[in-house]
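Protein chains: 2
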Amino acid sequence: MKKYINPPEQTWKELISRPVFDNSRFVPNVQAILDEVKLNGDQALKAFSKKFDQVEIDQLKVSDTEFNLALETISIELKTAIHTAAANIEKFHIDQLPRLIRTETMPGVECWQKSIPINRVGLYIPGGTAPLFSTVLMLAIPARIAQCPEIILCTPPDKNGKINTAILYAARLCGVTKVFKAGGAQAIAAMAYGTESIPRADKIFGPGNQYVTTAKQLVSSQGIAIDLPAGPSEVMVVVDRETPAAFAAADLLSQAEHGADSQVILLTRYPEKLEEIETETLKQLEQLPRKELAAKALENSRLISFTDFNRCLGFMNAYAPEHLILAVAEPKIWADRVTQAGSVFMGYYTPESAGDYASGTNHTLPTNGFANAYSGVNMDSYLKKITFQEITPNGLKNIGKTIEIMAEAEQLMGHKNAVTVRLNTLSHGIK
Amino acid sequence: MKKYINPPEQTWKELISRPVFDNSRFVPNVQAILDEVKLNGDQALKAFSKKFDQVEIDQLKVSDTEFNLALETISIELKTAIHTAAANIEKFHIDQLPRLIRTETMPGVECWQKSIPINRVGLYIPGGTAPLFSTVLMLAIPARIAQCPEIILCTPPDKNGKINTAILYAARLCGVTKVFKAGGAQAIAAMAYGTESIPRADKIFGPGNQYVTTAKQLVSSQGIAIDLPAGPSEVMVVVDRETPAAFAAADLLSQAEHGADSQVILLTRYPEKLEEIETETLKQLEQLPRKELAAKALENSRLISFTDFNRCLGFMNAYAPEHLILAVAEPKIWADRVTQAGSVFMGYYTPESAGDYASGTNHTLPTNGFANAYSGVNMDSYLKKITFQEITPNGLKNIGKTIEIMAEAEQLMGHKNAVTVRLNTLSHGIK
Numbered sequence: 233m234k235k236y237i238n239p240p241e242q243t244w245k246e247l248i249s250r251p252v253f254d255n256s257r258f259v260p261n262v263q264a265i266l267d268e269v270k271l272n273g274d275q276a277l278k279a280f281s282k283k284f285d286q287v288e289i290d291q292l293k294v295s296d297t298e299f300n301l302a303l304e305t306i307s308i309e310l311k312t313a314i315h316t317a318a319a320n321i322e323k324f325h326i327d328q329l330p331r332l333i334r335t336e337t338m339p340g341v342e343c344w345q346k347s348i349p350i351n352r353v354g355l356y357i358p359g360g361t362a363p364l365f366s367t368v369l370m371l372a373i374p375a376r377i378a379q380c381p382e383i384i385l386c387t388p389p390d391k392n393g394k395i396n397t398a399i400l401y402a403a404r405l406c407g408v409t410k411v412f413k414a415g416g417a418q419a420i421a422a423m424a425y426g427t428e429s430i431p432r433a434d435k436i437f438g439p440g441n442q443y444v445t446t447a448k449q450l451v452s453s454q455g456i457a458i459d460l461p462a463g464p465s466e467v468m469v470v471v472d473r474e475t476p477a478a479f480a481a482a483d484l485l486s487q488a489e490h491g492a493d494s495q496v497i498l499l500t501r502y503p504e505k506l507e508e509i510e511t512e513t514l515k516q517l518e519q520l521p522r523k524e525l526a527a528k529a530l531e532n533s534r535l536i537s538f539t540d541f542n543r544c545l546g547f548m549n550a551y552a553p554e555h556l557i558l559a560v561a562e563p564k565i566w567a568d569r570v571t572q573a574g575s576v577f578m579g580y581y582t583p584e585s586a587g588d589y590a591s592g593t594n595h596t597l598p599t600n601g602f603a604n605a606y607s608g609v610n611m612d613s614y615l616k617k618i619t620f621q622e623i624t625p626n627g628l629k630n631i632g633k634t635i636e637i638m639a640e641a642e643q644l645m646g647h648k649n650a651v652t653v654r655l656n657t658l659s660h661g662i663k
Numbered sequence: 233m234k235k236y237i238n239p240p241e242q243t244w245k246e247l248i249s250r251p252v253f254d255n256s257r258f259v260p261n262v263q264a265i266l267d268e269v270k271l272n273g274d275q276a277l278k279a280f281s282k283k284f285d286q287v288e289i290d291q292l293k294v295s296d297t298e299f300n301l302a303l304e305t306i307s308i309e310l311k312t313a314i315h316t317a318a319a320n321i322e323k324f325h326i327d328q329l330p331r332l333i334r335t336e337t338m339p340g341v342e343c344w345q346k347s348i349p350i351n352r353v354g355l356y357i358p359g360g361t362a363p364l365f366s367t368v369l370m371l372a373i374p375a376r377i378a379q380c381p382e383i384i385l386c387t388p389p390d391k392n393g394k395i396n397t398a399i400l401y402a403a404r405l406c407g408v409t410k411v412f413k414a415g416g417a418q419a420i421a422a423m424a425y426g427t428e429s430i431p432r433a434d435k436i437f438g439p440g441n442q443y444v445t446t447a448k449q450l451v452s453s454q455g456i457a458i459d460l461p462a463g464p465s466e467v468m469v470v471v472d473r474e475t476p477a478a479f480a481a482a483d484l485l486s487q488a489e490h491g492a493d494s495q496v497i498l499l500t501r502y503p504e505k506l507e508e509i510e511t512e513t514l515k516q517l518e519q520l521p522r523k524e525l526a527a528k529a530l531e532n533s534r535l536i537s538f539t540d541f542n543r544c545l546g547f548m549n550a551y552a553p554e555h556l557i558l559a560v561a562e563p564k565i566w567a568d569r570v571t572q573a574g575s576v577f578m579g580y581y582t583p584e585s586a587g588d589y590a591s592g593t594n595h596t597l598p599t600n601g602f603a604n605a606y607s608g609v610n611m612d613s614y615l616k617k618i619t620f621q622e623i624t625p626n627g628l629k630n631i632g633k634t635i636e637i638m639a640e641a642e643q644l645m646g647h648k649n650a651v652t653v654r655l656n657t658l659s660h661g662i663k
């Protein structure tokens, strides 16, 4: 892990850079997969499953029998944990539902904005060694709160053609309408274009490997909505003199274990903390089952101190971390000055993993500095905000002249005329 | 104008199709422009101005002298109209500002979502024959309400190197920080990458020709945020038996005059209205200065009737119009069933041009069916929603077990450990 003390501003561009994740070399392969699914639908999906998942899938849709089996096999302990997390996630997201407010901007001119759920959302959940059932909660619960009429989910089958039971359990609990056995870029293609079994989704959500994220990027450039641009996960941990090194080290490692391309940054005003936390991190690393991945991520990682508080804040916001842990005694002082971050964890007893699983906030967040302009998944992600307006005859008399003058100044006489014909009708006393 | 009576559902796919706007043939040229601006900055912008705008630009930034001149030359009548519109737009958008709500999801676990303005937004305003100063209001006013620290604007100069005075007036009124003389794909490149004069923007807004929209699409696929995917403008006008044909015709034409690739759709339950409104439309067409453009747009246009109310509603939502005018006696019955549209205009006296200019709602809206998943520009477009959480030691005791169980089930022991080290510290009575 590299250490930096008071690095000058001209080096920041390098210090905030992420591990390169260039998807361009995946584009030709992924485009071929998209084209194949668009052309051959289910048949293409089954062929890809045979090729990539090494399994022959007869029916893409998960059956009720499979769901029921999952419900039986999952432990009560895990069920309880999932229910607790789901309740918190639901509580937090319900509170973020937008209100409908009517505004009379002028007498007789009433405008409002109504939130309407996206009709069909498609969720992607990766398979592989770590079954991300928590992401099912994070993506499906707000969809259900938004009242999206259809919530479909694609996830790859294992070599026996099965889906992880915790994923099925979470899907059923959170109101997912249908689950399909399809993974990778081909699953994204299926949800983007539709196949015989899998309906076309209006918006596609979820994490994935570089094939999946490249596929999302490609369909997004065709106008199909996606949740967020993707990049490897990252955390910035801010510590003060009193922060227990064990806490900071555990937080850094909880991010580093995600993958070799994860990045973890320690930031502090106290240079003596850099070595203390590095030592503790390397010690804890030895205990981790995924220590090889985590060790690689630590190579991309940085321990940085700035004696000056404002420069510390400046660097924090310039980095625009996906996760920002303010493991300091007075986190509010820092939190009030956060302008760019995905999700912020305040104080010594708020680890990132709380937000990853169970506290209630969403864990689908902007990475790679995208927090400069993007929000994490939230209720807005599932809603279209449609504006409405209703103008009375008197209202049009009040606002009509303004519209006519502006339309004429823009040389759009048709726009002007749409007002004029109405005002003429009113002044002639016709209905 | 083609007329359809009770078209069967299998023909809808064709009937909801938009005029083809394939940008792919622009990609190589636009990519070359982007690369050139990335490499040579201001110098490239000036060279492109010479080439495309036929003018040599000495200073890209509009000077105070130029602003002051604009303030003097614009008529009082237009100033008053702009002020009235600006006040309405401000009133409506302020009411849409999200609240901050704190949620205690469990005792000791507090979560909230805070809206923070995007640091620097870049607005593009096209030049050409129709100076779209109304778009300055629509894009800059919500940015100012959001308190974006920097609002920059690019717009092409005319052959004398000048910017339209109404655009400058609106920019100054709405708190635009800096205006630059740059147009086309090169202006988008400048805001995406930054040049010596023009700072890099975090998000790019605004309409434009196919070069501009292709440039926005290309920079967006590089992760630079944009407002909306683009397409030609469109309106659907719904009429009943009593709707004055003159109103419907004027509304259809106010959209058709935008450009040859605009599309206008009439929808009704009364087949006898199709011919009546077609006749009136062709009559009014003759009076329009932009009648050639409008006539071309009418070729892409359709007059459709469904006797069945539900099929009428079904078609309305399947089309997902950018603008939906419900010029009917009881618009609420229809409006309550709208699920896909950009902006809805209710009743006989609510023309689309009210929303285009002055009623208060935004006129930057999803075209091309994108209303299935996208919202028009609104306060969210200028804000990042950052989640925060703060967990007390007791809170972590309440939620810790849940996190540990879920992390273990996902085989992410580092995530679990970030909780365990803290719970251990608490149970040993250490601070």
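The listed protein sequences derive, respectively, from chains A and B. Each residue of the first sequence is one higher than the one before, counting from 233 in the numbering used here. Each residue of the second sequence is one higher than the one before, counting from 233 in the numbering used here. Glycine is no exception: its CB is placed at the ideal position from the N, C-alpha and C atoms.
- Collapsing the DSSP output to three states places G440/A in coil.
- The closest CA to that of P358/B, considering only I326/B, F412/B, E382/B, A375/B, is found on F412/B.
- Chain order gives the chain A residues near A313/B as T634, I637, M638, where near means a beta carbon separation below 7 Å.
- Sequence-ordered contacts of the stretch 513–528 of chain A with chain B read Q516, Q519, L520, P521, R522, A526 [C-beta pairs closer than 8 Å].
- About 51 Å separates the Cβ atoms of I623/B and G416/B, ruling out a contact at the 8 Å cut-off.
- For Q621/B, the enclosing beta strand (DSSP E) covers residues 615–623.
- Distance between T500/B and L615/A, taken at the CA atoms: about 28 Å.
- Residues Y589 of the same chain have their beta carbon placed closer than 6 Å to that of S366/B, with the five preceding and five following residues left out of the count.
- Linking R352/A to V651/B through their CA atoms gives a straight-line distance of about 36 Å.
- With contacts defined as CB atoms closer than 8 Å, P464/B and P598/B fail to qualify as a contacting pair.
- A straight-line Cα-Cα distance of about 14 Å links E268/A and E428/A.
- Nearest CB-CB separation between Q449/B and chain A: below the 8 Å threshold.
- Assignment of K235/A by DSSP, reduced to helix, strand and coil, places it in the strand class.
- Annotation note: the stretch 534–613 of chain B contains the following uninterrupted alpha helix (DSSP H) runs of length 4 or greater, listed N- to C-terminal: 541–551, 563–567, 584–589.
- Annotated three-state conformation of V294/A is coil, per DSSP.
- With the rule of 3 Cβ pairs closer than 8 Å, the stretch 237–245 of chain B does not count as touching the stretch 261–280 of chain B.
- Leaving aside the five residues that flank T446/A on each side, the residues in its chain whose CB is nearer than 8 Å to its CB run, in chain order, N255, F258, V259, V262, A417.
- Around the CB of R522/A, 16 or more other CB atoms lie within 10 Å, so the residue is classed as buried.
- Put simply, the backbone Cα of A488/A is about 7 Å away from that of A527/A.
- Taking C-beta separations shorter than 6 Å and ignoring five residues to either side along the sequence, the partners of I497/B in its chain run M468, R534, following chain order.
- Interface residue (Cβ-Cβ distance to chain B less than 8 Å): G546/A is not classified as such.
- Between the stretch 502–510 of chain B and the stretch 575–593 of chain B there are fewer than three C-beta pairs closer than 8 Å, too few to call the two in contact.
- Counting only runs of 3+ residues, the beta strand (DSSP E) found wholly inside the stretch 340–408 of chain B occupies 341–349, 352–356, 382–387, in chain order.
- In this model, P563/A and F324/B are separated by some 35 Å (Cα to Cα).
- At a C-beta separation below 8 Å, L310/B has these neighbours in chain A: I637, M638, A641.
- Within the stretch 342–363 of chain B, C343, Q345, I348, I350, N351, T361, A362, P363 place their CB atoms closer than 7 Å to a CB of chain A, listed in sequence order.
- Below the 7 Å Cβ cutoff, chain B contributes F479, Y581, P583 as neighbours of R654/A, in chain order.
- At least one beta carbon of chain B lies nearer than 8 Å to the beta carbon of N320/A.
- I497/B has M468/B, R534/B as its beta-bridge partners, per DSSP.
- Look at R432/A here: in three-state DSSP terms it is coil, with no helix or strand label.
- Proximity of A586/B to chain A, defined by a Cβ-Cβ separation below 8 Å, is satisfied.
- The alpha-carbon separation between N300/A and G354/A amounts to approximately 22 Å.
- Between E322/B and A378/B, the alpha-carbon positions lie close to 11 Å from each other.
- Comparing alpha-carbon positions, the option among F479/A, I348/A, S281/A, N656/A lying closest to T571/B turns out to be I348/A.
- In the three-state scheme derived from DSSP, where H, G and I count as helix and E and B as strand, R654/A is classed as helix.
- When secondary structure is reduced to three states using DSSP, I289/B falls in the coil class, being assigned neither helix nor strand.
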